[in-house]
Each structure stands twice: as C-alpha cells, then as structure tokens.
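Notes to accompany the following structure.
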Amino acid sequence: MVFRLFMECKMSINNKHIDTILNAVDEDSLAIFVGAGVSKSSENEIIKLPSWGDLIEELKTELNIDYEVDYLKVAQLYFLEFGEHLYYKKIKSFFPSDIPPSKIHKLIFEVNPHVVITTNWDCILESVIRDNAYIYGLVASDKDLMKSSLDKKLIKMHGDFSNHNIVFKEDDYINYEFNFPLVSNYIKSILSTHTVLFLGYSYNDFDIKQIIKWTQNHSNVRPPMFLVVFKADPAQSKYLLSHGITTIVLDDKSAVDHFNNYYTSQLYNFLLLIKNKNISNVSPNNIIKQVHNRLLPLNTLEGILAEQVIKSLTNCGLIYTNTDGKPRAFLYFYNKEVTIDFNESLRSIYSQFVMVVKNNDEKENKSITNKLEPIFNILKKADISGIIIDEKKENAVVFSEGNDSELSNIHFDFNYEKEFDYTRKGRSSINLTYDRIDPYVFYQNGHNELAYMASEDLISYDLKLKNYASLLLTLFNQNVILHQLKYGFSTNDKYNEIESNNILEIFEGFPRKIRRSVSMVLELVNFNYLFNFNYTIDSLLVKAKDRKNSNSLFSWDSEEFKPEFLHMNLVNFVMKNGFLIDVYKEFRYAINKFIQIIITKQKKEDRITLKKEELFSCIKYIEIKKLREYFKNIRNRSYLSLDVCDDDARWLVDRVFINLTESYITDNKFYSKSDDYIVKLLFLISNSNEIENHKSIVYDMVIKLLSHNANSIQLIEAIDDFITLGFNRLLLEYNKDFVEKVVILIVAKLAEGRINGSERIAFITKGVQNIFLVAKELKITYKDKDMAKALVMQLSNMKDDDKARSVETIIYELHLIANAPVKNILVEYVKSIPLSKLNPNKKLRLGLFLMASGIAPADSSLAKDAENSMGQFSKYKYSTEALAYEDVLRFLVEKKGMKDYLPALSKIESITKKFEIS
Numbered sequence: 033m034v035f036r037l038f039m040e041c042k043m044s045i046n047n048k049h050i051d052t053i054l055n056a057v058d059e060d061s062l063a064i065f066v067g068a069g070v071s072k073s074s075e076n077e078i079i080k081l082p083s084w085g086d087l088i089e090e091l092k093t094e095l096n097i098d099y100e101v102d103y104l105k106v107a108q109l110y111f112l113e114f115g116e117h118l119y120y121k122k123i124k125s126f127f128p129s130d131i132p133p134s135k136i137h138k139l140i141f142e143v144n145p146h147v148v149i150t151t152n153w154d155c156i157l158e159s160v161i162r163d164n165a166y167i168y169g170l171v172a173s174d175k176d177l178m179k180s181s182l183d184k185k186l187i188k189m190h191g192d193f194s195n196h197n198i199v200f201k202e203d204d205y206i207n208y209e210f211n212f213p214l215v216s217n218y219i220k221s222i223l224s225t226h227t228v229l230f231l232g233y234s235y236n237d238f239d240i241k242q243i244i245k246w247t248q249n250h251s252n253v254r255p256p257m258f259l260v261v262f263k264a265d266p267a268q269s270k271y272l273l274s275h276g277i278t279t280i281v282l283d284d285k286s287a288v289d290h291f292n293n294y295y296t297s298q299l300y301n302f303l304l305l306i307k308n309k310n311i312s313n314v315s316p317n318n319i320i321k322q323v324h325n326r327l328l329p330l331n332t333l334e335g336i337l338a339e340q341v342i343k344s345l346t347n348c349g350l351i352y353t354n355t356d357g358k359p360r361a362f363l364y365f366y367n368k369e370v371t372i373d374f375n376e377s378l379r380s381i382y383s384q385f386v387m388v389v390k391n392n393d394e395k396e397n398k399s400i401t402n403k404l405e406p407i408f409n410i411l412k413k414a415d416i417s418g419i420i421i422d423e424k425k426e427n428a429v430v431f432s433e434g435n436d437s438e439l440s441n442i443h444f445d446f447n448y449e450k451e452f453d454y455t456r457k458g459r460s461s462i463n464l465t466y467d468r469i470d471p472y473v474f475y476q477n478g479h480n481e482l483a484y485m486a487s488e489d490l491i492s493y494d495l496k497l498k499n500y501a502s503l504l505l506t507l508f509n510q511n512v513i514l515h516q517l518k519y520g521f522s523t524n525d526k527y528n529e530i531e532s533n534n535i536l537e538i539f540e541g542f543p544r545k546i547r548r549s550v551s552m553v554l555e556l557v558n559f560n561y562l563f564n565f566n567y568t569i570d571s572l573l574v575k576a577k578d579r580k581n582s583n584s585l586f587s588w589d590s591e592e593f594k595p596e597f598l599h600m601n602l603v604n605f606v607m608k609n610g611f612l613i614d615v616y617k618e619f620r621y622a623i624n625k626f627i628q629i630i631i632t633k634q635k636k637e638d639r640i641t642l643k644k645e646e647l648f649s650c651i652k653y654i655e656i657k658k659l660r661e662y663f664k665n666i667r668n669r670s671y672l673s674l675d676v677c678d679d680d681a682r683w684l685v686d687r688v689f690i691n692l693t694e695s696y697i698t699d700n701k702f703y704s705k706s707d708d709y710i711v712k713l714l715f716l717i718s719n720s721n722e723i724e725n726h727k728s729i730v731y732d733m734v735i736k737l738l739s740h741n742a743n744s745i746q747l748i749e750a751i752d753d754f755i756t757l758g759f760n761r762l763l764l765e766y767n768k769d770f771v772e773k774v775v776i777l778i779v780a781k782l783a784e785g786r787i788n789g790s791e792r793i794a795f796i797t798k799g800v801q802n803i804f805l806v807a808k809e810l811k812i813t814y815k816d817k818d819m820a821k822a823l824v825m826q827l828s829n830m831k832d833d834d835k836a837r838s839v840e841t842i843i844y845e846l847h848l849i850a851n852a853p854v855k856n857i858l859v860e861y862v863k864s865i866p867l868s869k870l871n872p873n874k875k876l877r878l879g880l881f882l883m884a885s886g887i888a889p890a891d892s893s894l895a896k897d898a899e900n901s902m903g904q905f906s907k908y909k910y911s912t913e914a915l916a917y918e919d920v921l922r923f924l925v926e927k928k929g930m931k932d933y934l935p936a937l938s939k940i941e942s943i944t945k946k947f948e949i950s
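Residues 33 to 950 (the numbering used here) are what the sequence shown spells out, left to right.
Right, dumping it as structure tokens:
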C-alpha cells in the first residue's frame, strides 16, 4: 500500500544516504534544519508566504533603491531608514499568525528527529508540536535554552516575533554569536554530533554559508550533512561537498503529486520515504539488528537492571508474574498505549520484531535463532524471562534459564575469604588480570589497596574497549575504595593526594548515543535512581499494607508481584557487577523496604516464603532487630514460620552457612562481618523446617562455631536464641542430642579456660539460661563430675563479686540439669563464696537468688533487709536491677509461699509502677 507506492517511486537517491539518515533516527542523532521553502508548503489561495527574495524586493521598493543586491544590507538600510518599530511591523505583516501547518510540517516530526532547527520566524512548527502533543521543547532565545529540560528541542535559531529578536538584517548576522551565545554554541555542538538534513534551503542560501563557516574551524571528522534540492547543479554540489554537505536531488517526474506545488510534493514524498522505510517491512535481520544495537551498550555488565532495558529500548514495559514460585517479568512492546516516549516508527519496528520472535523455528531457522540469541542473553542478564507475543498479554516466548557462573556465585555464597588466584588471569576477559567482582571481594575482606589496584586495571581495560556501562560502575567503586583508603581505620598517606573520579564529567565525554543507553547507570552512581526508587518502594509498601488489611476475597493488581521482581533484579545487578553501592544507607533502605513489603504481603498466614535473593538480603542488609520485627507474628506473639524451597535451603545451609562459618573461624579481626551474617542466618534457620532434620549439617556447624575459642557476645546470644526458637517450634521433638552436645561443650570450655573476654561476659556475666532450660525440658541430665570439679576450680580463681555472679548464671543453669553428685559439687562451690566480703546489695541479691533457685533452703532472715533495700530504687526513672528484684521476690512469695517477703515485694512494685507510668 503506502510502502508499495513508494517502492514504485524512482527518485535518484542513493540508498546509502537514506540508510545514514535512518541510522541517525535510530540513534537519536538526526537534526533537521527547516528553511523558508518548507513554510511555503502551507500556502493556499488566501495565504501566500514570501521567499526571502520577495521580502527584500518589497523593502527595496519602499527604500526606492534597485541597485543593492546584498539582501542583509537592504534589511539593514530599511531598519536605519524607518526605525525598529516600522521595521518589525513591516516584516511581521508578511507572516499571518494563523498560518495552517502542511502535511510536511507534521511529517518532519513523524520522522522523529532529535532536534529541529529552523531559520523561519513563523509559528507553524510550534503549532504542529502543540496540536499533536509532540514532546519537543521550544527554544527561541538563550533564556529559553537555559530553562529547557526536554531532550528533544525545536530551536528557532533566528528568533521570532513574540520574542522580538528576529535575525534578518546585517547587524543581526554580524552580532549573532554575541546576541545568541548559548544557542549558537548549542547548534555548533549539534553540527559536530548529529547527522544534519537541510530542508527548504537553496544552494546559495546565506544560512547554508553560515553553517559552512561554523564548521570550517572544526575537525573534518564529523557526521554527514545533507541538503535536499530539486535541481541538479554539479558545480554547486561539488562546492558544497568540499565543505562536507552532500546534495540529495529530488527530481522524480513520476512521483505522486499530493500538492498543487511540484516542489512541495517532491519534498513530501521524500520525507514519507524516510518515514516508511523506517517503519515498513524490512528484512528480519535488519529488524533484529536495530533492537540489538539499542541494547548492546548494556552487554558489558554482568547483571542488568530491567529498567535499563526499558529505557534503552523505549516504547515498551514489563508485565510482572509469579511462576514456579519465582518472581518474573516479561518484556511487552507497546502498541496503542499512550506514553511520553511514543514513537510510531519504533513501535512498528518492535511489532515486526515480535513477529520474528513468535514465528521463529529454532531448529529450522538457525540463522535467525543465532541472531536473536545475543538479544535474549542481554534480556536474561536483566532477569527478564521472555517476550510477550500477543496483544492480550496471555502468551510469551520464554527464554531458557542459564546457570550463573562460578565467579558470580561468590557474592551470593558469601565466599569472600578466597585468596586471590593469579591463575584466573584472562579467564573472563582477554588480557585482564582481575575479574569484575574482585574489587568488591577485596573490599569486603578489607584488602583495600588490592581493591584499588584491581579497579585501576579494570578502568584501563574498560577505557580501551569502550565498555562505558561497566566503566561507570568501576569508577564509582574506585571512589568508594579511595575514600576508605583516605579516611578509614587503616589510612595510607600515599592516597591523600589522589582525587576522586569526576564521574559526571567523564560521562559527558561519552558518545551521545552511549549516554542515552547508560544514563541509568549514571543515575545509579549519583544516587538519583535510588532516591526515585525509594519513593516507588514506599508507594508499593502502602499498597501492600492496604491489600493486607482489605477484607475483599478477590483483588487484582497488575503490580502485585512487582516488589519481588524489583528486589531480585536490584540485588542481582549489585552482586553480579560487584557494585559497592550496597555500602550506602540509601541502598540498604531500599532493601529493607522490599523485605518489609514481601513479608507484609504474606502476614495473613502464620508462614511466609522467602526465595534465595530475599534470604540473601535478610542476611546481608537487614539488621537483626529489624528482622525480628518483620518476622513477628502479631496474633500469637511468636515468629512467623519460614518456608524455603529445597534448592534454596541447600544453598542456605550447604554453601552460605559453611562459607560464613569458615570465614568467621579463620578471621583474626576483633570484629568480623561474618559475625553479623551468622547471627541473622541462625535466626532464619531457627524459624525454618531445616531444624526438623536432626541430621542437618546446621547442628554440626553450630557446634563448630561454639567450639571456636574467640566468639563474640552476639554470636553466643544468637546460638542461645537459635536453640530457644527451635524448641518453641518443635517442643519435645527438638534435637536432644544437639542440645546435650552444646551443654557439654559450654561446661568444657569454661572448665578448661578456653574462653575469651567476650565469652566470659556471655556465659558468666549475662548467662545462657534458655539453653539449660531447654535441656531441662528435654530431660537432659549432666553427669560429668570431673568436668564439674574443673569448672568450679576455674570459677574459684575469680574475684568474689564475679563468683557471686557466676552462681546466678552458669552454676544455677547447670544445677537445673545436674544429677545429685554434680549438684553437690556446685552447692559446695556456692558455700565456699565468702558472703561477708560481698557488699550488702550483692549479698542480698545472691541470698534471694539461692532461695528462689532451690540451691539454698527457705530463709526469712533476709526479709527485713530486702524491704529496706528496695527504697534505693525510688530515685531512678528506670532500673533493670529493680525489675529483677521484683521478679525474684514475686517468685518467693507466690511460688515458694514465703509471705515474709511480701512487704519487700509490695514496696518494689509501687516503685516499678512509676517506671511504667513514666
């Protein structure tokens, strides 16, 4: 139809020129200059527009001169003779304000140039933009350019009547760069970066000469320029070609006449040829190539954000689903949807691309399959599962799932402690010493200088191969590493004089096409993306809470599975690229909100399901306090049960837990990140089904951790919680053998003195009472007299106050499960503590505790001291010690029936009530 019509046209146009223009359209780098000849296409029986010659002749008549041939001088003479007011009034009279646009004006924008630059003063092009809602910013002055935020622009380089700044007379041209400094520089930058198409100009047009003058001082290596004319003039064409302008002659006598004017019809046919060659049926190979070219700059990344794909392609979106228990997103190319990036020609390309994908037989058509594979691989890097192939969005071509590389799994497996292996040189990239993830791994291990060296190597490699997307990430990583080298605990003076990378300045030096493709990477490294992203997440959290509180039996939300996918995609992007943005609070805020959303959506049940990436985030990014809060089951004050699929459970236990345990044990630092990770990992496992398997390696790893001689307080507390939470879930079905091993190990470590200062606080000062209470419930009996004797011998070496404290912790705890011979050993130890050497308060506390625990018999002799002592807490707004006294006194009165202590209980209760009020 339309396409066939123009295939029949016989314009003598070099197809290579058309292809150059089409490539510029595809790369968003086509600039169309619009001259007076285009405005004349709007003429009708009523409205006639003057050519430049017509206008000058009119001015010459009023000046009563006929000898002057310099058009600019004639305009200058008229201005000098009649003054500015009459000068403007005269010129404006030739241009009605209501000139209707022609089909050519609309077609110019349908070709989809990046910028339209006109030397015309009329408002025809503005009206086309307004009437058709084209997204172009209007610039008619330097002030307009400063305010313009839209990427695509209509530049009225010669001003207009509304701004009272038209360029016509001699002075205007001479002083142009003074009067329009920003606009002139902008146009010069367009000339050096864009393919240029001149429409409505003649061979001798003064504006063409001005362009030639501007380009003379620049490099000859620049994008091509084309001048569309209607008559061949070999001499003029040769002259223009010597200045970089190629002429395209429209001289097809048989072309369809859409207008009364021959030249206008020729121009219309030419523009329609460009438009339809851009959107008509072209070969599948070319269709695939156009799609691939838009995605290619992202391929240097190991992981890609799905939104980067959407921004690179434009005119498409994602459909979120959940299949096989995994969040998925499918790429959907827009058809009739109204969007701000609407591009009819591009949508036609995508429509044909979808048909190629839909109809391709992988076995029968290996050529097409091989060309599609690079596109599919890029989409898979973005976690996109397939491409929707019907308008109802019910069917899709699904990609095969590939396995992650060994190196990319290092992050997810917390396998950070591996020594750098120089045999890896060249494994993933030619002549590259370091892998992409090495700076990240080195930084995690505290090897900051090695991390900096690795980033230097990667930056050089990316610059050499023009890997722009990955370069931005590595530059950011190097800035993070450099900051740590300058201001961290172990500073190094040799880095003090090194300046951070100016990433924005480097980005501005990228080719324009590349800047479009990797702009989102820039937004990531300057945090703009995360700021906007966090706003989106907050909105999703509100929706999740509303959905949870809704009583509706049925609800549909197209974004229901969006949070799970966005979280998975973001974590994969950061981890697979080794992107150190995860050290910043803005990133952790986003992850916290994601996990909160994912758990909130499931809180109507007593169980929740988390997948690999979500479990990973819980361990790496969520604070244990927050994690407990998210897992809280409000209905019964317990924790939600965690369901994990078999594959993820094996990853969690067989890889993550083992790697973290090995890292923790071999790390000689006072503080290790593995410590935090293990605490959260134990919490997750304790709420999962993994604890039901008594032969699980989890129990062996806990024993291995506990056997370590340099444990932190929080790790001991985490093991205590692990056992407590597990028992609360399984009760008497809990792993008795494991608990017994833990008890024996704790006593042995204390008895043999195999503890550090932190463990001393954990076992003796704070205590691990819950572990021994669980042991008691499981009917475990401690019988090792020799070890009990060794224990009390070790404790006997402590100060008297510490001895008294040990009675409330390890002695009492062991007494709960000891057989008679061991209990006797413990009681003898208690009796050996010289109470007279303790201060009255500690003496009272120990005496009450011994009675409450059953180690000592009931004795009312401390009742009066207890009553008098409680008054000391009245001056405090809050006291944990006062609450502890309240608990033990209540136990003595209510459980032991020791009414003599009732006055003391009443007194402390009156004090603690004020705590509650305050």
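Glycine included, C-beta positions come from ideal geometry on N, C-alpha and C.
Handout entry: Residue closest to residue 110, alpha-carbon to alpha-carbon, out of 93, 505 and 911
Key = That would be 93, whose Cα lies nearest to the Cα of residue 110.
Exercise for the section: Evaluate residue 99 with the Cβ neighbour count: other Cβ atoms within 10 Å of its Cβ, from every protein chain shown; 16 or more gives buried, anything less gives exposed. Expected result: So residue 99 counts as exposed.
Exercise for the section: Pull up the distance between the alpha-carbon of residue 478 and that of residue 518, whole angstroms please. Expected result: Spanning the two alpha carbons is a distance of roughly 14 Å.
Exercise for the section: Less than 8 Å between the CB atoms is what I'm expecting for residue 344 and residue 326, so what's the real figure, rounded? Expected result: A Cβ-Cβ distance of about 5 Å is found for the pair residue 344 and residue 326, placing them in contact under the 8 Å criterion.
Handout entry: DSSP-derived helix/strand/coil call for residue 673
Key = If DSSP states are grouped into helix, strand and coil, residue 673 belongs with the strands.
Exercise for the section: Starting from residue 354, follow its DSSP beta bridges and name the residues at the other end. Expected result: Bridge partners of residue 354 according to DSSP: 359.
Handout entry: Where residue 69 sits in the DSSP three-state scheme
Key = Looking at residue 69 - three-state DSSP - the assignment turns out to be helix.
Exercise for the section: Assign residue 933 to one of three DSSP states: helix, strand, or coil. Expected result: If DSSP states are grouped into helix, strand and coil, residue 933 belongs with the helices.
Problem - For residue 614, the nearest candidate out of 562, 89, 634 and 637 (CA to CA) - result: Residue 614 has its Cα closest to that of 562, out of 562, 89, 634 and 637.
Exercise for the section: Drop a sphere of 10 angstroms on the beta-carbon of residue 946, count the other beta-carbons inside from all chains shown, and report buried for 16 or more, exposed for fewer. Expected result: Exposed, because fewer than 16 other Cβ atoms sit within 10 Å of the Cβ of residue 946.
Exercise for the section: Identify whether residue 620 lies in helix, strand or coil by the three-state DSSP scheme. Expected result: Residue 620 carries a helical assignment under DSSP once its states are collapsed to helix, strand and coil.
Problem - Sequence-distant residues of its chain with Cβ nearer than 8 Å to residue 940 (five each side left out) - result: Non-local C-beta neighbours of residue 940 in its own chain, meaning closer than 8 Å and more than five positions away in sequence, comprise 902, 905, 914, 917, 918 and 921, ordered along the chain.
Handout entry: Short Cβ contact (8 Å threshold) for residue 420 with residue 296
Key = No. Outside cutoff.
Handout entry: Meets three-Cβ-pair contact criterion under 8 Å: the region 106 to 124 and the region 257 to 274
Key = No: fewer than three Cβ pairs fall under 8 Å.
Problem - Length of the line joining the Cα atoms of residue 483 and residue 509 - result: Their Cα atoms are separated by approximately 9 Å.
Problem - Per-residue DSSP class, three states only, for residue 664 - result: Residue 664 falls in the strand class under three-state DSSP.
Practice task
Report back the beta-carbon spacing between residue 867 and residue 858 to the nearest angstrom; my notes put them in contact at under 8 Å.
Solution key: Contact between residue 867 and residue 858 is absent: CB atoms are separated by about 17 Å, not below the 8 Å threshold.
Problem - Rounded straight-line distance, which links the Cα of residue 672 to that of residue 313 - result: For residue 313, the predicted structure reports a pLDDT of 46, less than 50, and the residue's modelled location is therefore unreliable. The matter cannot be settled from this model.
Practice task
Compute the Euclidean distance between the alpha carbons of residue 348 and residue 602, then round it to the nearest angstrom.
Solution key: Those two C-alpha atoms are separated by around 20 Å.
Exercise for the section: Express the C-alpha separation of residue 822 and residue 787 in angstroms, rounding to a whole number. Expected result: Separation of residue 787 and residue 822 (C-alpha to C-alpha, rounded to the nearest whole angstrom) is 14 Å.
Handout entry: For residue 263, the residue or residues it bridges with in DSSP
Key = Partner residues in a beta bridge of residue 263, as assigned by DSSP, do not exist.
Handout entry: Start-end ranges of the alpha helix (DSSP H) lying completely within the region 75 to 107, minimum 4 residues
Key = As for any alpha helix (DSSP H) of minimum length 4 sitting wholly inside the region 75 to 107, the runs are 84 to 95, ordered along the chain.
Problem - Contact between the region 204 to 219 and the region 167 to 179 (3+ Cβ pairs under 8 Å) - result: Yes, the region 204 to 219 touches the region 167 to 179.
Practice task
Pick out the complete beta strand (DSSP E) segments inside the region 359 to 434, 3 residues or longer, and give them in chain order.
Solution key: Considered as a whole, the region 359 to 434 harbours 416 to 420 and 428 to 430 as its complete beta strand (DSSP E) runs of no fewer than 3 residues, in chain order.
Exercise for the section: Report the residue from 929, 259, 467 and 399 whose alpha carbon sits nearest the alpha carbon of residue 320. Expected result: Taking only the C-alpha atoms, the option nearest residue 320 is 399.
Problem - Three-pair Cβ contact test at 8 Å for the region 684 to 698 versus the region 621 to 637 - result: Flag = no, the region 684 to 698 and the region 621 to 637 do not touch.
Practice task
Along the alpha helix (DSSP H) that carries residue 693, what are the first and last residues, could you check?
Solution key: Start and end: 690 to 698.
Handout entry: Cβ neighbour criterion (16 or more within 10 Å) applied to residue 712
Key = In this structure residue 712 is buried. Its beta-carbon is surrounded by 16 or more other beta-carbon atoms within 10 angstroms.
Practice task
Have a look at residue 505 and residue 147 and give me their C-alpha separation to the nearest angstrom.
Solution key: Between residue 505 and residue 147, the C-alpha separation is close to 30 Å.
Handout entry: Cα-Cα separation between residue 275 and residue 160, rounded to whole angstroms
Key = For residue 275 and residue 160, the distance between alpha carbons rounds to 33 Å.
Exercise for the section: Identify which residue in 721, 230, 226 and 358 has its Cα closest to the Cα of residue 59. Expected result: Of the candidates 721, 230, 226 and 358, the one whose C-alpha sits nearest the C-alpha of residue 59 is 226.
Practice task
Run the CB neighbour count on residue 210, radius 10 Å, all protein chains shown included, and call it buried at 16 or more, exposed below.
Solution key: Residue 210 comes out exposed.
Practice task
Decide if the region 889 to 896 is in contact with the region 922 to 934; the criterion is three or more beta carbon pairs, one per stretch, under 8 Å apart.
Solution key: Result yes; three or more Cβ-Cβ pairs closer than 8 Å.
Exercise for the section: Measure the Cβ-Cβ separation of residue 428 and residue 336 and say whether it is below 8 Å. Expected result: Between residue 428 and residue 336, the gap from beta carbon to beta carbon reaches 8 Å or more.
Practice task
For residue 865, collect the residues of the same chain with a Cβ closer than 8 Å to its Cβ; drop the 5 residues on either side in sequence, then sort them by chain order.
Solution key: The residues 832, 835, 836, 839 and 878, in chain order, have a CB closer than 8 Å to that of residue 865 in the same chain once the five nearest residues on each side in sequence are set aside.
Problem - residue 178, DSSP secondary structure in three states - result: Correct three-state label for residue 178: helix.
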